[in-house]
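Take the sequence shown: its letters are residues 154 to 910, numbered as in my numbering.
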Amino acid sequence: MSFDSFISFRGEDTRNTFTGHLYKELVGLGITTFMDDKKLLIGDSLSEKLIKAIENSDSFIVVLSENYASSKWCLRELAKIIDCTDEQKHRVLLPVFYHVNPRDVRRQSGCFENSFRLHEELLRELDHMERDKYMEEVQQWRRAFTKVGDLTGVVVTKDSVEVDSIGKITNQLLDMLLHHQKLVPWDELTKLVDIERQLFKMEKLNDLEPNVVRFIGIIGMGGIGKTTIAEVFYDRVARFFGKNRCFLRIYEHTTLLSLQQQLLSQLLQTKDLIINNENEGARMIGSRLKDKRVLIVLDGVKEKTQLEQLVGNPNWFGSGSKIIITTRNRDVLRQPNYKDKMVEYSVEFLDTKSAMTLFCKHAFGCGFPSKNFEDFSKEIVERVEGHPQALIQIGSSLYDKGIEIWKEELKSLEEDYNNRIFKTLKISFDDLGKTSQEVFLDLACFFNEKTKEKVIEILKSFDYRPHSEIQLLQDRCLIEVRSDNTILMPKCIQTMGQQIEREADKRSRIWLPKDAQDVFDEPHRVKDIKGVVLKLEEKQDEIELEGKVFEDMRSLKILEIGNVEVSGDFTHLSKQLRLLNWHSYPSQCLPLSFESRYLFQLLLPLSQTRQLWNGQKGFEKLKVINVSGSKNLRETPNFTKVPNLESLDLSNCTRLWKIDSSIIRLNRLTLLDITCCITLKNLPFSRSCKSLITINYVGSGLEEKGLDNFQNDDSLLYFQPKRRSVFGINEGFCSKSKIGGSSSHPPISTSPFRQPQ
154 MSFDSFISFR
164 GEDTRNTFTG
174 HLYKELVGLG
184 ITTFMDDKKL
194 LIGDSLSEKL
204 IKAIENSDSF
214 IVVLSENYAS
224 SKWCLRELAK
234 IIDCTDEQKH
244 RVLLPVFYHV
254 NPRDVRRQSG
264 CFENSFRLHE
274 ELLRELDHME
284 RDKYMEEVQQ
294 WRRAFTKVGD
304 LTGVVVTKDS
314 VEVDSIGKIT
324 NQLLDMLLHH
334 QKLVPWDELT
344 KLVDIERQLF
354 KMEKLNDLEP
364 NVVRFIGIIG
374 MGGIGKTTIA
384 EVFYDRVARF
394 FGKNRCFLRI
404 YEHTTLLSLQ
414 QQLLSQLLQT
424 KDLIINNENE
434 GARMIGSRLK
444 DKRVLIVLDG
454 VKEKTQLEQL
464 VGNPNWFGSG
474 SKIIITTRNR
484 DVLRQPNYKD
494 KMVEYSVEFL
504 DTKSAMTLFC
514 KHAFGCGFPS
524 KNFEDFSKEI
534 VERVEGHPQA
544 LIQIGSSLYD
554 KGIEIWKEEL
564 KSLEEDYNNR
574 IFKTLKISFD
584 DLGKTSQEVF
594 LDLACFFNEK
604 TKEKVIEILK
614 SFDYRPHSEI
624 QLLQDRCLIE
634 VRSDNTILMP
644 KCIQTMGQQI
654 EREADKRSRI
664 WLPKDAQDVF
674 DEPHRVKDIK
684 GVVLKLEEKQ
694 DEIELEGKVF
704 EDMRSLKILE
714 IGNVEVSGDF
724 THLSKQLRLL
734 NWHSYPSQCL
744 PLSFESRYLF
754 QLLLPLSQTR
764 QLWNGQKGFE
774 KLKVINVSGS
784 KNLRETPNFT
794 KVPNLESLDL
804 SNCTRLWKID
814 SSIIRLNRLT
824 LLDITCCITL
834 KNLPFSRSCK
844 SLITINYVGS
854 GLEEKGLDNF
864 QNDDSLLYFQ
874 PKRRSVFGIN
884 EGFCSKSKIG
894 GSSSHPPIST
904 SPFRQPQ
């Protein structure tokens, strides 16, 4: 957990008095503050929890009281704080001189002189090695005291009014956070790659009607740089708003009431506000700020109610006010009150050049790769696809590492990310509802770069609301729909999703051949599998499966495989199947027990099947059958219980001699492809089915006399008579349309997946 502020103090001096009251005031202002409890005061060494709290704090308040230096624990705490502020200059350190003189702190004199003398006297009791180590530590404490004593802080004397002193501390801390910590310092801006281009776009949005209230929504996935852009933009324009400015970070457990309190306290420069409930807070914001020209940043908005209760209406603020909102969810910006007042800025991935520069700054300390690391750097940048936070974290982890470690990191990126990157990206996933998470994982594992129409068709078969779910994932910046209507999930997001699935206790999706072999070899692991999509290349070795493994896959909804060797009895397929796409299907027919009222696509190109099924089988939702290239297919099955079939591809089934007469009953059939079915001499109907639009029969064995009726059938939009080609095979295309003229041939491919070559 991270903190806005960390309080260092001597417990016995001020825990139950001054420091306790200060902590309560900071928390009341919405400043997340770490104040240790007595349980952490064990021994002289700092606990791991305390060290992490210091490292994860943005600012430090050091309450220097009379007995502060008598505690090794306090001194080690201060030394750690000084180290952190030295390493990261933008961190804020505010000393509070509580009943002590800053000069005594600086010189370790007065009440502190005896404390340091006692620490040094302990040297006599130590052996030589321990003495040198301890002496260096005492010197480190003295340097820390000197440094903190040189800083401008708040002096609290015995005559001071405690309430006034606490108010001075909180106001000064807020001001320092706004100007230094919460904002990226200008001396760091040279390290921010591509920031000027991003700011230029932001400032163009800000220039729109500068005297009206303007809402600017900064949208993007986690770690892409929304907060950084908001911080730097805020820093640039803050001087134009005087003290009427506020930067609010919305943490997961921050209440609306505390956010309203913090917003009003900062903008009204007061701490005496009492807000009884959220509705009262919203009314107070609207009435007290309506004449003020304010600059507000709300960082990390997740819900519409947060905007409604904090900045719900442009009328709440004076003309020229600017409200910046960062969010992972575009939908929260869709508010009726913001109509014509809201402009959106979507943060983009870094381009290749900028991504390489950012990565190299952290991996090599400069803007270009070192010798012998050029190819590794290029490949890592391609894998991460311009995601700033991922580039920074991977680059930092590889700094000053050998080439073998680089190779290992590159190999690991093929499948997953390190824990920090994974957690950053996974926040967007965790914010989704259960159903949306399932849809997201289906897209990440199976459907990335598929057409939107095909994905919608498949998701609909799962009883999802596909249009709503796809829109939601677009709003969350997890996918985009490209101009060619394909769905694209960024590589880093897809890798995160696949990592979630691979690390799940119960695997339900398989897409990597090595995972398939591992999981299928253990029957108890297959019962929860819902989808198997193995895109095997011809060069890859075949996967060998026991036929009985499919008996336990009773939840299987998608099966797309190829180059799979099945041994033993193959007698079962899940009745839950929606899509079956098995390239080079090895059996002579489908399992005898297989029927599915959910199956809508049956794709068995280049199969060994002789007949799909015997008798009548119930496939009431089946729309597409493709058995093209199945050289052993003799006849089609009975289609009586397949009422919704739209496309039947029998092309290149060179031994097919019979199409079952039940095809006449298919009132939705629009495409019949019998191309190169050289042994097929007749069709079981003399005129076309009433719904049939296209018959492809190039190279088939249909006799000319059996085609005359189709030539004159006005129900056919496309009909392909054959002609002799120069290669000696039958080919050609001549379309006939109801409305006359020629038409382009409609696409025949019906699979949502790329067919194996």
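Positions of the beta carbon are idealized from the N, C-alpha and C atoms, including for glycine.
Keep in mind that this is a model prediction, so the values were computed, not measured.
query = Between the Cα of Ser224 and the Cα atoms of Val291, Lys564 and Ala435, which residue gives the shortest distance?
reply = Val291
request  = Please report how far the alpha carbon of Ile580 lies from the alpha carbon of Ala657, in whole angstroms.
outcome  = 16 Å
request  = List the residues that DSSP assigns as beta-bridge partners of Glu699.
outcome  = Ser720
query = Can you give the Cα-Cα distance for Glu654 and Thr480, rounded to whole angstroms?
reply = 26 Å
message = Once DSSP output is grouped into helix, strand and coil, what is the label at Gln741?
response = coil
task = Would you kindly report the start and end of the unbroken beta strand (DSSP E) that includes Met495?
result = Met495 to Ser499
ask   = Taking Cβ positions only, does Thr170 come closer than 8 Å to chain C?
value = Protein chains in the displayed structure number just one, and chain C is not present.
query = Does the region 638-648 come close enough to the region 597-609 to have 3 or more Cβ pairs within less than 8 Å?
reply = yes
request  = Let me know if Leu752 comes out buried or exposed under the rule of 16 or more other beta-carbons within 10 Å of its beta-carbon.
outcome  = buried
task = Have a look at Ser388 and Arg573 and give me their C-alpha separation to the nearest angstrom.
result = Per the sequence shown, residue 388 should be read as Asp rather than Ser. Taking the straight line from one Cα to the other gives about 28 Å.
key: Close beta carbons around Gly302, own chain, < 6 Å, minus the five adjacent residues each side   = Pro255, Val258 and Arg259
task = Have a look at Ser781, Leu775 and Gly370 and flag the residue whose alpha-carbon is nearest the alpha-carbon of Arg821.
result = Leu775
key: Which listed residue (Leu410, Arg441 and Phe599) has its alpha carbon closest to that of Ile428   = Leu410
task = Return the chain-ordered list of same chain residues with a C-beta closer than 6 Å to the C-beta of Lys457, the five sequence neighbours on each side being excluded.
result = Val485
query = So what does Thr186 bridge to, in DSSP terms?
reply = Ser158
ask   = How big is the Cα-Cα spacing for Leu511 and Cys598?
value = 29 Å
inquiry  = Using CA atoms only, rank isn't needed, just tell me which of Gly768, Arg398 and Leu709 is closest to Arg662.
reply    = Leu709
ask   = DSSP on Tyr251, reduced to helix/strand/coil?
value = strand
query = Lys344 by DSSP, collapsed to three states: which one?
reply = With a pLDDT of only 45 at Lys344, under 50, the local geometry of the prediction cannot be trusted, and the value read off the model is given with reservation. The answer is helix: DSSP assigns Lys344 an H, G or I state.
ask   = Out of curiosity, what's the CA-to-CA distance linking Ile234 and Asn525?
value = 39 Å
key: Selected residue, minimal CA-CA separation from Glu240, among Trp664, Leu836, Met649 and Glu208   = Glu208
ask   = Below 8 Å between beta carbons: does that hold for Cys399 and Leu416?
value = yes
query = Is Glu230 closer than 8 Å to Ser161 when the C-beta atoms are compared?
reply = yes
key: the region 759-772 in contact with the region 644-651 per 3-pair CB rule at 8 Å   = no
request  = Could you have a look at Lys443 and say whether DSSP puts it in helix, strand or coil?
outcome  = coil
ask   = When burial is assigned at 16 or more other CB atoms within 10 Å of the CB, is Gln546 buried or exposed?
value = buried
inquiry  = Could you check whether Val454 and Ile372 sit closer than 8 Å to each other, using their CB atoms as the reference points?
reply    = no
request  = Alpha carbon to alpha carbon, how far is Lys205 from Phe502? Give it in angstroms, no decimals.
outcome  = 31 Å
ask   = Which ranges would you report for the beta strand (DSSP E) in the region 620-688 if only whole runs of at least 3 residues count?
value = 684-686
Spatial distance of Glu788 from Glu610 (CA atoms) = 29 Å
query = Helix, strand or coil: how does DSSP classify Glu567 here?
reply = coil
request  = Buried or exposed for Leu271, please, with buried defined as at least 16 other CB atoms from any protein chain shown within 10 angstroms of its CB.
outcome  = exposed
key: Unbroken beta strand (DSSP E) run spanning Glu713, endpoints   = Ile711 to Gly715
ask   = Where do the ends of the beta strand (DSSP E) carrying Asn779 lie?
value = Val777 to Asn779
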